[in-house]
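S.K.:
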Amino acid sequence: MIHYAVQPIYIPPEASPDFHILDYMGYEVVACKTEEGFILDRIFSTNPGDFLVDSLQPGTLLQNSLINKIIQ
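As numbered in numbering that gives the first Met the number 0, residues 0 to 71 make up the sequence shown, in order.
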(Lines of atoms letter the chains of each structure in order from A and count residues from 1; the text may use other names and numbers.)
(Lines give C-alpha, C1' and ligand atoms only; values in the text may rest on other atoms or scores of the structure.)
Protein backbone atom coordinates (compact mmCIF):
# COMPACT_ATOMS: atom_id res chain seq x y z
CA MET A 1 0.00 0.00 0.00
CA ILE A 2 1.38 3.40 -0.97
CA HIS A 3 1.09 6.30 1.45
CA TYR A 4 0.73 9.70 -0.22
CA ALA A 5 1.62 12.65 2.01
CA VAL A 6 2.37 16.34 1.69
CA GLN A 7 5.67 15.85 3.52
CA PRO A 8 8.15 12.99 3.36
CA ILE A 9 7.50 10.31 5.97
CA TYR A 10 11.06 10.16 7.30
CA ILE A 11 12.39 13.61 8.22
CA PRO A 12 15.25 14.05 10.67
CA PRO A 13 13.94 15.98 13.73
CA GLU A 14 16.43 18.83 13.26
CA ALA A 15 15.35 19.30 9.62
CA SER A 16 11.59 19.41 10.20
CA PRO A 17 9.96 22.74 9.33
CA ASP A 18 8.46 24.92 12.07
CA PHE A 19 4.77 25.18 11.05
CA HIS A 20 2.25 27.43 12.83
CA ILE A 21 -1.48 27.99 12.42
CA LEU A 22 -2.14 31.73 12.12
CA ASP A 23 -5.06 34.11 11.83
CA TYR A 24 -3.91 36.18 8.85
CA MET A 25 -6.25 38.89 7.52
CA GLY A 26 -9.21 36.96 8.95
CA TYR A 27 -8.17 33.69 7.26
CA GLU A 28 -6.90 30.63 9.10
CA VAL A 29 -3.61 29.65 7.46
CA VAL A 30 -0.65 27.33 8.01
CA ALA A 31 2.71 29.05 7.69
CA CYS A 32 6.32 28.00 8.09
CA LYS A 33 8.52 30.18 10.31
CA THR A 34 11.82 31.13 8.66
CA GLU A 35 14.53 33.72 9.24
CA GLU A 36 12.71 36.13 6.89
CA GLY A 37 9.32 35.67 8.62
CA PHE A 38 6.32 33.42 8.00
CA ILE A 39 5.90 31.80 4.58
CA LEU A 40 2.37 30.71 3.67
CA ASP A 41 1.95 26.97 3.18
CA ARG A 42 -1.85 26.53 2.95
CA ILE A 43 -5.16 28.11 3.91
CA PHE A 44 -8.18 26.53 5.57
CA SER A 45 -11.32 27.69 3.78
CA THR A 46 -14.48 26.32 2.19
CA ASN A 47 -14.86 29.39 -0.04
CA PRO A 48 -13.30 28.72 -3.48
CA GLY A 49 -12.75 32.46 -3.97
CA ASP A 50 -10.30 32.57 -1.05
CA PHE A 51 -7.87 30.40 -3.00
CA LEU A 52 -7.74 33.01 -5.79
CA VAL A 53 -6.61 35.88 -3.53
CA ASP A 54 -3.08 36.90 -4.63
CA SER A 55 -1.84 37.54 -1.09
CA LEU A 56 -2.86 34.00 -0.03
CA GLN A 57 -0.88 32.01 -2.59
CA PRO A 58 1.48 29.31 -1.23
CA GLY A 59 5.05 30.54 -0.86
CA THR A 60 4.03 34.13 -0.11
CA LEU A 61 5.99 35.90 2.62
CA LEU A 62 3.36 37.10 5.11
CA GLN A 63 3.37 40.67 6.41
CA ASN A 64 3.81 40.65 10.19
CA SER A 65 1.44 43.60 10.62
CA LEU A 66 -1.44 41.56 9.12
CA ILE A 67 -0.99 38.54 11.43
CA ASN A 68 -3.76 38.87 14.01
CA LYS A 69 -2.67 36.01 16.27
CA ILE A 70 -0.80 32.73 16.35
CA ILE A 71 -3.36 30.00 17.03
CA GLN A 72 -0.95 27.09 17.44
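All C-beta atoms in this analysis are idealised placements derived from N, C-alpha and C, irrespective of residue type, glycine included.
Taking C-alpha atoms, which residue in Ile66, Leu51 and Thr33 lies nearest to Pro16?
M.R.: Within the sequence shown, numbered from 1, the residue matching residue 16 stands at position 17. The shortest C-alpha separation from Pro16 is found at Thr33.
S.K.: Look at the alpha carbon of Phe18 and the alpha carbon of Glu35, and state the distance between them as a whole number of angstroms.
M.R.: The sequence position of residue 18 within the sequence shown is 19, counting from 1. The sequence position of residue 35 within the sequence shown is 36, counting from 1. About 14 Å.
S.K.: According to DSSP, simplified to helix, strand and coil, what is Asp53?
M.R.: Locating residue 53 in the sequence shown gives position 54, counting from the first residue. Here Asp53 sits in helix by DSSP.
S.K.: Drop a sphere of 10 angstroms on the beta-carbon of Leu39, count the other beta-carbons inside from all chains shown, and report buried for 16 or more, exposed for fewer.
M.R.: Looking up residue 39 in the sequence shown gives position 40. Leu39 should be labelled buried.
S.K.: Use the C-beta contact count for Val5: other C-beta atoms within 10 angstroms, 16 or more gives buried, fewer gives exposed.
M.R.: If you number the sequence shown from 1, residue 5 lands on position 6. So Val5 counts as exposed.
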